[in-house]
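In what follows, a structure is listed as structure tokens, so that the remarks can point back to it.
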């Protein structure tokens, strides 16, 4: 019998040891990857919230579009400019019996994702002389500002604008605000424009 006893090789092989370490390191994600993963979750929450707002406002706007197409307000029409449901173009005919009778006025209507909880932005594209509409086409109308309500619709807004064209309201002018035309000057301007049409 041989007196030699085989000793087990306690020293780990280089290849086997390194592969075990690599496996353990690869199973634990680096700290940088963990930090990068957290902002992605936040972005997902923000985008889903924005998507929910867009969905709510888009449904409401689509509903109003269907209503105004079937039953438009007198002397008014409105609808999207193109594929963007949030950008509309409106046409208002000058109310009969007013100084604007026979005129055609174009307006821009811009909805926000917060609609109908916030009012749309409505501005005249056509140049108009009115004591409640400034030179930039901005309309001084209470329901487009502090008195806005989600119960209001774009049809009601257009009706209010037509009413404003019929009856100028000097009390609603913001005193000291630039680009607003005083009513006396407004009337003089309208008379100059209209008088040449009258027969003497």
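Residue numbers (the working numbering): 1059 to 1258. Note that the Cβ used here is the ideal one computed from N, Cα and C, for glycine as well.
**OP:** Determine the contact status of residue 1164 and residue 1152, defining contact as a CB-CB distance below 9 Å.
**Re:** Working through the chain shown from its first residue, we reach residue 1164 at position 106. Working through the chain shown from its first residue, we reach residue 1152 at position 94. Not closer than 9 Å, so no.
Subject >> residue 1220 (DSSP reduced to helix, strand or coil) >> reply: By one-based count along the chain shown, residue 1220 stands at place 162. Looking at residue 1220 - three-state DSSP - the assignment turns out to be helix.
**OP:** Express the C-alpha separation of residue 1146 and residue 1130 in angstroms, rounding to a whole number.
**Re:** Locating residue 1130 in the chain shown gives position 72, counting from the first residue. Locating residue 1146 in the chain shown gives position 88, counting from the first residue. About 14 Å.
**OP:** Output the boundary residues of the beta strand (DSSP E) element that contains residue 1147.
**Re:** Here residue 1147 corresponds to residue number 89 of the chain shown, with the count starting at 1. Element bounds for residue 1147: 1145-1151.
Original post:
Can you tell me the Cα-Cα spacing of residue 1192 and residue 1207, whole angstroms?
Top reply: Stepping through the chain shown from its first residue, residue 1192 is reached at position 134. Stepping through the chain shown from its first residue, residue 1207 is reached at position 149. Distance between the alpha carbons of residue 1192 and residue 1207 is about 24 Å.
**OP:** Note down the Cα distance separating residue 1185 from residue 1144, rounded to an integer number of angstroms.
**Re:** Indexing the chain shown from 1 puts residue 1185 at position 127. Indexing the chain shown from 1 puts residue 1144 at position 86. Cα-Cα distance, rounded: 23 Å.
Subject >> Ranges of the alpha helix (DSSP H) found wholly within the region 1156-1222, counting only runs of at least 4 >> reply: none
**OP:** Pick out whichever of 1183, 1112 and 1209 has its Cα sitting closest to the Cα of residue 1197.
**Re:** As a working mapping, residue 1197 is identified with position 139 in the chain shown. Residue 1183 is the option with its Cα nearest to residue 1197.
Original post:
Taking the continuous beta strand (DSSP E) assigned at residue 1137, which residues delimit it?
Top reply: To locate residue 1137, count along the chain shown from 1; it is residue 79. 1134-1138 is the span of the beta strand (DSSP E), which, as asked, contains residue 1137.
Original post:
According to the Cβ coordinates, are residue 1119 and residue 1169 closer than 9 Å?
Top reply: Counted from its first residue, the chain shown places residue 1119 at position 61. Counted from its first residue, the chain shown places residue 1169 at position 111. The answer is yes: Cβ separation under 9 Å.
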